[in-house]
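Quick note: to get my numbering, add 6 to the position in the sequence shown (first position is 1). No residue lacks a Cβ here, since even glycine has one placed at the ideal position from N, Cα and C. Heads up: the structure comes next, in structure tokens.
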Amino acid sequence: MHNKSCQSDSLFRGFFVLVATLAQNAPSQTAAALGVSFRNQGVVMIIDFTSWEASDYAAWWGAIIASFALIWNVVVFLRSGARIKIVVTPNMELQPPIPGSEGQKYIFVKAVNTGSSATTITHFYGFTASSHFERFRKRINQFIINGDGSYNKLPAKLEPGEEWIGLAIQDDELLKEKLVYYGIYHNQKDKPVCKKVKFGS
């Protein structure tokens with residue numbers, strides 16, 4: 007029981023020394039106890055490994071492993087849930103075309119759930135802006151694209167790995183004059199997920 011307690015103390019000692027080193031404010035008493043000295047400027051440390059015992063090496067190794075584990079858990083947490091990737095492709099035509107709309111160009115919008123949980127697409131969304139500066143200032147014109155019964159059916163549940171396709175009528179003059187973005191709203195996020203239309207691609 008005593009040995010186990012000593013190992014735990016060494017692990018925590020190594021971990022806190024590592025954190026203190028990165029923060030540049032390690033207590034001198036702790037540094038001296040582990041044979042570590044610090045320069046006043048910069049994160050430069052001189053370690054006297056000859057004074058270390060096996061428990062000290064184990065403590066530092068445990069601290070490093072714990073740090074990587076913490077970073078990995080943060081990454082997993084940030085990537086959990088539904089994650090929507092938007093692909094926007096202009097200059098598309100329907101084959102066979104809708105009667106009466108031969109030659110009409112469309113903007114093809116694909117939403118892919120690359121996350122770990124399902125979500126529901128609620129709206130097919132878009133906006134225009136006069137410039138990137140105006141977009142940054144949120145001076146934009148927003149709109150919702152309606153479906154015609156055959157396309158853009160919403161709401162649509164999207165499981166991980168599944169995709170949804172939307173079609174919007176392409177306005178060449180608008181694309182020349184404005185920045186045009188298309189995307190979707192889904193129920194796992196308050197803000198829309200959009201991507202700019204690259205006209206001429």
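Item	Value
Once DSSP output is grouped into helix, strand and coil, what is the label at Y63?	helix
What number of angstroms, rounded off, separates the C-alpha of I190 from the C-alpha of V199?	6 Å
What does the alpha-carbon distance come out to for the pair L185 and T125?	28 Å
Candidates A88, F139, I150: which alpha carbon is nearest H129's?	I150
Express the C-alpha separation of T56 and E169 in angstroms, rounding to a whole number.	59 Å
Using the beta-carbon count (16 or more within 10 Å), is N119 buried or exposed?	buried
Use the C-beta contact count for A117: other C-beta atoms within 10 angstroms, 16 or more gives buried, fewer gives exposed.	buried
Can you list, in chain order, the stretches of the alpha helix (DSSP H) that have 4 or more residues and sit fully within the region 97 to 163?	138 to 142
Please name the residue, chosen from G68, F74, G87, S73, that lies closest to E165 on a Cα-to-Cα basis.	G87
Measure the C-alpha to C-alpha separation of K202 and F142 and round it to an integer number of angstroms.	14 Å
Considering only C-alpha positions, which residue in the set G106, N193, K144, A64 is nearest to K163?	N193
Contact check, Y188 vs G132 under 8 Å by CB: the rounded distance?	5 Å
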